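For the sequence shown, position 155 matches number 172 in the numbering used here, and the numbering has no gaps at all.
See structure below.
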Amino acid sequence: MTLSRRSLMAGTAAATLATPAIVTARTSWPTKPIRILIPFAPGGTSDILARLLQPRLQDAFGQPVVVENRPGANGTIAVDIVAKAAPDGTTLVLTDLGALAISPSVMKVPFDLAKDFAPVIVLAYSPHLLAVYPGTPHKTAADLIAYAKANPGKLNNATSGLGSPPHLAGARFAHELGLSWTYIPLKGGAEAIQQVIGGHADLLFNGMVATLPHVQSGKLRGLAVSSAQRQAQTPDLPTIAEASGLKDFVTGSWQGVLAPPGTPAEVTAKLHAEIARIAALPDVAQRFKELGADPVLTKPAESHAWLQAETARWAKVVKDTGIKLE
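Spelled out as structure tokens, the structure:
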């Protein structure tokens, strides 16, 4: 399920307009600190966005807000903790909801996405960047593709875990172009970036938020973006479709927040309203833009519907392409 730019703007406006009524409602929540679990190591997209929100949420709620990294099992450990947490809205997970939607198709998970969470918001979308170690001779995506075709199995693709969206983006790219390379599974996007920067791996698909600063600094060479259109931050980088001829190749990171099942609707509404309000603040909106993240800001019910549609979409991709975890 793809949200149109018009839908994104409408969602943002609606969230902003709805905020005052919700925020001024007097409730006793929260009465204790809030934990935001991050299923990946520090430095990745989820971690960056959570730490951008953290001080402002703390000010809004008058309670400590703690960001806690709990990596492992392709991001499902932290998610499972939230699925089993008390339904009071003080234990949350900020994660790549696209990754979560993929997980039932590629691995056994201890939760049911349709029943075991109270979605709060789809926060932001950012595409994947296809980037390479600057020491390689590959100046363009066409160069990379030609080399991979001529040298099957010689390239190493660093990925933030087998079955993750970056892995499946790379696997789909390779499958549709008839390429073969080796995947190096790591504990998160930040580690994958460091492996390519250090020359220990040749390439990666990874979230733009975490990867763009290293492309801008010259530590990585960007080749293409996986969005439908070119990005304002990287106007010279073609889309995957432009660079490879693969039509409708759109992947990326859909960051969002989930609460435990049974969390009162009043609480998820208040969480949504505050997160949407903060994302619309001029300095935060500017930071999102700099990072290459487009605000989405869907309401809880819309977020639930999006997650179910995305789960079905990736199940079809996995089935059609025959992608297997290596």
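Ideal placement from N, C-alpha and C gives every residue a C-beta, glycine not left out.
Computed from a predicted model, the values in this text were never measured in an experiment.
| Check | Outcome |
| --- | --- |
| Host beta strand (DSSP E) of residue 340 (start-end) | No beta strand (DSSP E) holds residue 340; DSSP gives it neither H nor E. |
| Residue 91 versus residue 56 - alpha carbon distance | 8 Å |
| Same chain only: Cβ atoms within 6 Å of residue 124, ignoring 5 sequence neighbours per side | 180 |
| Limits of the beta strand (DSSP E) - the one that residue 350 falls within | Shown here, the chain extends from 18 to 343; a query on residue 350 therefore has no answer. |
| First through last residue of the beta strand (DSSP E) which encompasses residue 148 | 135 to 149 |
| Residue burial classification, residue 265 (beta-carbon count within 10 angstroms, cutoff 16) | exposed |
| Other residues of its chain near residue 173: CB distance less than 7 Å, five sequence neighbours each side excluded | 198, 199, 201, 218, 219 |
| Beta-carbon spacing of residue 144, residue 242 below 8 Å | yes |
| N- and C-terminal bounds of the beta strand (DSSP E) containing residue 110 | 108 to 113 |
| Sufficient close CB pairs (3 or more, under 8 Å) joining the segment 253 to 268 to the segment 295 to 307 | no |
| CB-CB length for residue 275 against residue 110, believed under 8 Å | 5 Å |
| Which residues DSSP lists as bridging residue 175, in chain order | 201 |
| Strand pairing of residue 84, partner residues [DSSP] | 53 |
| Residue(s) in a DSSP beta bridge with residue 223 | 146 |
| Environment of residue 168 [buried if 16+ CB atoms lie within 10 Å] | exposed |
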